[in-house]
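K.L.:
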Ligand SMILES: [Zn+2]
Ligand SMILES: [Zn+2]
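Protein chains in written order, with my numbering: chain A, 1 to 150; chain B, 1001 to 1150; chain C, 2001 to 2382; chain D, 3001 to 3382.
(1) Just the chain B side, please: which residues come within less than 8 Å of residue 3068 of chain D by C-beta, in chain order?
(2) With 8 Å as the limit, tell me which residues of the stretch 3065-3096 of chain D have their beta carbon closer than that to any beta carbon of chain B; keep them in chain order.
(3) So what does DSSP say about residue 1048 of chain B, is it helix, strand or coil?
(4) Is residue 3365 of chain D helix, strand or coil by DSSP?
(5) Is it true that the CB of residue 3283 of chain D sits closer than 7 Å to the CB of residue 73 of chain A?
(6) May I have the straight-line CA-CA distance separating residue 2253 of chain C from residue 2320 of chain C, to the nearest angstrom?
(7) Taking 7 Å as the limit between beta carbons, can you name the residues of its chain near residue 1048 of chain B, skipping five residues before and five after?
(8) For ligand 2, list every residue whose C-beta falls under 6 Å from any of its heavy atoms, going in chain order.
(9) To the nearest angstrom, how far is the alpha carbon of residue 2209 of chain C from that of residue 2346 of chain C?
(10) Indicate the three-state DSSP secondary structure (helix, strand or coil) for residue 1053 of chain B in the structure shown.
(11) Could you tell me whether the stretch 104-116 of chain A touches the stretch 79-94 of chain A, using the rule of 3 or more Cβ pairs below 8 Å?
(12) Mind checking which residues open and close the beta strand (DSSP E) that includes residue 2313 of chain C?
(13) Under a CB-based cut-off of 7 Å, is residue 3131 of chain D close to chain C?
(14) I'd like to know whether the C-beta atoms of residue 3167 of chain D and residue 3175 of chain D end up nearer to each other than 7 Å.
(15) The alpha helix (DSSP H) with residue 3110 of chain D in it runs from where to where?
(16) At which residues does the alpha helix (DSSP H) containing residue 1090 of chain B begin and terminate?
(17) What are the residues in the stretch 1061-1086 of chain B lying within 8 Å of chain F by C-beta distance?
(18) If contacts are defined as beta-carbon pairs under 8 Å, then residue 2225 of chain C and residue 2380 of chain C qualify, I think. What distance do you get, rounded to the angstrom?
(19) Answer with yes or no whether the minimum CB distance from residue 3186 of chain D to chain A is below 7 Å.
(20) Locate the alpha helix (DSSP H) running through residue 2042 of chain C, then write down its first and last residues.
(21) By Cβ distance, which residues of its chain are closer than 8 Å to residue 1128 of chain B, with the 5 residues on each side in sequence left out?
(22) Against chain A, does residue 3144 of chain D count as a neighbour if the rule is that its beta carbon must be under 7 Å from one of theirs?
(23) Shorter than 7 Å from the beta carbon of residue 3229 of chain D to some beta carbon of chain C?
(24) Chain C beta carbons: is any one of them nearer than 7 Å to that of residue 1020 of chain B?
(25) For residue 2330 of chain C, which of helix, strand or coil comes out of DSSP?
(26) Quick test of your reading: residue 3373 of chain D and residue 3231 of chain D, contact by CB under 8 Å. State the CB separation rounded to the nearest angstrom.
(27) If you scan the stretch 2183-2261 of chain C from start to end, which runs of the alpha helix (DSSP H) of 4 or more residues do you find wholly inside it?
(28) At the level of alpha carbons, what is the spacing between residue 2103 of chain C and residue 2049 of chain C?
(29) For residue 3008 of chain D, which of helix, strand or coil comes out of DSSP?
(30) I believe residue 29 of chain A touches residue 20 of chain A by the beta-carbon criterion, under 8 Å. Please report the beta-carbon distance rounded to the nearest angstrom.
(31) So which residues on chain B does residue 3042 of chain D lean against when the C-beta distance must stay under 7 Å?
(32) Is residue 123 of chain A near residue 65 of chain A, with beta carbons less than 7 Å apart?
(33) Would you mind working out which of D/3095, D/3053, D/3288, D/3085 sits nearest residue 2970 of chain D, comparing C-alpha positions?
(34) So which residues of chain A does residue 3055 of chain D contact, with C-beta pairs closer than 7 Å?
(35) Go to residue 2162 of chain C, then tell me how far its alpha helix (DSSP H) extends in each direction, as first and last residue.
Given below as structure tokens:
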């Protein structure tokens, strides 16, 4: 919906209420989340209700941009469907990144697929995806920040 | 499946075991059916089991080519999906034709849509359908035979 | 077996229509409304069923995730237009088996616009030959009925007139607009004799019920409605030539699915049609409602046309039918359709139906019928 | 509540693999085999459930039409990879409610080749970002387990080696070919550390059960197997990060769906893992089977790798697992998967499993787990 309503040159967030650009060039982004005032649980994106307790007293928060790699894998085949990553396909990392805000987020990983290690410090980075001629999406991935928490 | 295995110029029956050409030019066809030796019920196409009693003592029969119109309608909008009739669309008749073999068959009706009447005598006719460049299907419809059984 | 110890304690609905909202939004709205009506929390629910035909796999769990974490069994159930009846029936059986006592039954659909994707129910050869128009099958029934009994286009239009008029008072309906007989009879033919304003509108919507035992309802208070019967059957051999039938026996004519299912429901509830105060039935098309009158016993064979013409199925009539506007005017989000009928009837039986209230309604019937002759009938008592 | 008065009287299967045959062909074959095994006719069946995920609407009625006319309720049931467990459970509840006494439960699937259509379970943004590979989620679990407990690639390959070897003796399995450890470890990585020969094969197949009361089985004779438990749950909040999860709590870790469902099943059957003689479990990938060992209590946390390495889950071992070849070698036609496990276990408990027979098997467990954390566990006793 959001893509329809923007000009051809504009960049729409890959999912409403999940990612936000912090500068006009989309060089820095923020992952958006929600915290439940009832049970304290944090979730990804702007949710009206808490997935833990169903409560609707929710505040929007930024999830933070530095985390540690809780687990990961390397995707060796092109994912099925409308994948917008590099064409021809290149194997890429996918990880579950633990953020200090209390959430682990599933995310693509940027960087050399032979170097990922559980416990790596990683940092949020913008990922611009092009779909056809007109659509551009602001997505996210994490990239090595150097150092390990393990 | 049958279309895949025929040459580009060949005509495949619209459904396996349901319709058969009686001459090389496909000017005359036969509707195929099955009769259950256990309960006597007749069904459309070559079925291994009886839809009435589940029996599998089945003989193949020809359903006959002359019948009466038991009911009908006129389709005023292009049917959804891969309809292979005239393009641009023309309204056409659809009927339930009672055959002397004991079956009523759903079928397209050829002819002037303003002339159909319940009880009309109708006759089976071949209907050649083209799909894309290479596929040709032998389908069927019924057409006015003159006279009325009502 | 009698279902009379099983009750609907809460009923909720998301209006039927066309919405930007997601299936999750629609479903969660209806589920919350049903829980609120029952005075229960999500954590009181021990099992849930989702009725849906078009939504993708595991939609039940994905929709109900909105209500908060749970580990109850959530199962998606499908039986064409009778999906809601099949799902409600699973809830009744689960409760009667004493496996669980309080169950949420949810129906949700977000339907594509226009005619349904024919490959869902038709074979490729039927589609190629143009035999994939659902209204063609409905219309052929109408043509034969007109031939046999003299049913008129005006009588058919009268059904649509009544249902559109009823929906004006139903905030959950899609059209909510009265059409004159002239407007209806001037609307374009879809398949002769059925016209644009005489067929059901596929749309979006959700409906939900909280079902529990009479025992628990008495403990909790509230305003329970008893499920006197909930029956689901498929059409017998040669009992129905609804889509996607390719043929039918000329020698055997078995009892049709509506007559059969209604008979079983009457037996279960130990009542007959004259004991029922109001009805919601499958007016897939306006003619179909006339046929249903005859099959559920509101009149004799061939008398359905005169019945509607005389106003007997109007809200003030002897047998009020489709007070909600029916599928024609409320719309038909398939998975939500039967449960939406039940929500309407719960409101009627509680006397909460406002300007479309049937006076002193104590007993009510909901009926759906669709592809494959799938039929469900639910009888409610208050 | 104890399910012990409910039995499987007949079990039938169409082999799992790739076939030109239609879903109707596959399903009718399995249904007829189950009826023959039970010594019953189609007309003895009072209700039927179809378990399916990929087949279109009303497939149950369309498949069972092959067996002859009927007017029983036929309902399609879906709960992702646990669909078969959900369908079997509906049959158990329907019988226990005394609504019906003899039910056919059928599972059928004809799956598209390759990876499943991601839009069935993933959101568009996940697909665009490449987060729509099911094996990626399985592999991330394996990587964490290797990190935490030292589980090795060789131990994971040992699971695939065992299951492929077992299937050689199973005429209903797809591969039926033994692979060496070297071949498995040399097969291409799909998602690190999971390799081509270590993941389940989506395919075609059907399985059917005739379920009835112990009372009726005793009247009829035959060789009934008791359903000691049949449990279906979905994963609690933050209990599982299987696809299509987009995130997970770092502060709450609830009991996982397999551990939770197995615990409920053990309680229902009033037994523990040491009382069970053989198991069929969801080896979606070879690592997953290791994790399941731990969650159903065959060993302690982190001890699954050594357990398989020592041969304890081989057919001659202490806890034989996936005698049929499992999903890895028998294949996974989703709707038929759990019922296929149960057919295998019925054969084991009756001593009809030929070269893959577990000696003196008296009690058995079937387990499935899939999208949304849908999990089902069935315990059988003979
Ligand atoms: Zn909360
Ligand atoms: Zn027969």
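Positions of the beta carbon are idealized from the N, C-alpha and C atoms, including for glycine.
These numbers come from a predicted model, not from an experiment.
P.N.:
Put simply:
(1) 1049, 1050, 1051, 1052, 1053, 1054, 1055
(2) 3065, 3066, 3067, 3068, 3069
(3) coil
(4) strand
(5) no
(6) 30 Å
(7) 1056, 1058
(8) B/1036, B/1038, B/1039, B/1041, B/1050, B/1052, B/1053, B/1055
(9) 10 Å
(10) coil
(11) Yes: the two stretches touch, three or more of their Cβ pairs being nearer than 8 Å.
(12) Counting along the chain, residue 2313 of chain C falls outside any beta strand (DSSP E), and DSSP gives it neither H nor E.
(13) no
(14) yes
(15) Looking at the DSSP string, residue 3110 of chain D is not in any alpha helix (DSSP H); the run it does join, the beta strand (DSSP E), is 3102-3110.
(16) First-last for residue 1090 of chain B: undefined, no H or E at that position.
(17) This model lacks chain F altogether, as its protein chains are A, B, C and D.
(18) 5 Å
(19) no
(20) Per DSSP, residue 2042 of chain C lies in no alpha helix (DSSP H) segment and is marked neither H nor E.
(21) 1011, 1026, 1136, 1137, 1138, 1139
(22) Residue 3144 of chain D has a beta carbon lying within less than 7 Å of a beta carbon in chain A.
(23) no
(24) no
(25) coil
(26) That pair is no contact at about 14 Å.
(27) Whole alpha helix (DSSP H) segments, 4+ residues: 2214-2220.
(28) For residue 2103 of chain C and residue 2049 of chain C, the gap between their C-alpha atoms comes out near 8 Å.
(29) DSSP places residue 3008 of chain D in strand when its eight states are reduced to three.
(30) 6 Å
(31) Neighbours of residue 3042 of chain D on chain B, chain order: 1054.
(32) Closer than 7 Å, so yes.
(33) Look at the range of chain D in this structure, 3001 to 3382, and you will see that residue 2970 of chain D is not part of it.
(34) In chain order: nothing, as chain A lies at least about 20 Å away.
(35) Where residue 2162 of chain C is concerned, the enclosing alpha helix (DSSP H) stretches over 2153-2167.
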